[in-house]
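Residue numbers (the numbering used here): 637 to 732.
Ideal Cβ placement from N, Cα and C applies to all residues, glycine included.
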């Protein structure tokens, strides 16, 4: 009878302490929930300095620069400046 109680206590101790230790040693690969990209004139921006940034509900990123208003669709940049929009009197955009 004493052996049965002793085996039960030992089993309880093993089940209580060893699974948490094994789980604490498990380290999944670090994968952040976000991604950081840098864009420059080499990627299609008209100028490297961005004054403001806004994402619209339809997913476009809008940026203001001293060289025009920029829309990014995730693949390409579309620049709105005096050469593309004749009604503009300046290429400089400071805020959205």
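Below 7 Å CB to CB, which residues in the same chain sit around residue 680 once its five sequence neighbours on both sides are set aside?
Locating residue 680 in the chain shown gives position 44, where the first residue counts as 1. Result list for residue 680: 712 and 713, in chain order.
Decide if residue 645 is buried, meaning its Cβ has at least 16 other Cβ atoms within 10 Å, or exposed.
Translated into positions along the chain shown, residue 645 becomes position 9. Exposed, because fewer than 16 other Cβ atoms sit within 10 Å of the Cβ of residue 645.
Between which two residues does the beta strand (DSSP E) containing residue 704 stretch?
Locating residue 704 in the chain shown gives position 68, counting from the first residue. First-last of the beta strand (DSSP E) with residue 704: 704 to 708.
Quick check on this structure: which residue in 639, 709 and 716 has the alpha carbon closest to the alpha carbon of residue 725?
The residue given as residue 725 occupies position 89 in the chain shown. Checked all of 639, 709 and 716; the closest Cα to residue 725 is 716.
I'd like to check one pair, residue 682 with residue 701: are the Cβ atoms closer than 8 Å?
Counting from one through the chain shown, the residue named residue 701 turns up at place 65. Counting from one through the chain shown, the residue named residue 682 turns up at place 46. In this structure, residue 682 lies closer than 8 Å to residue 701 by Cβ.
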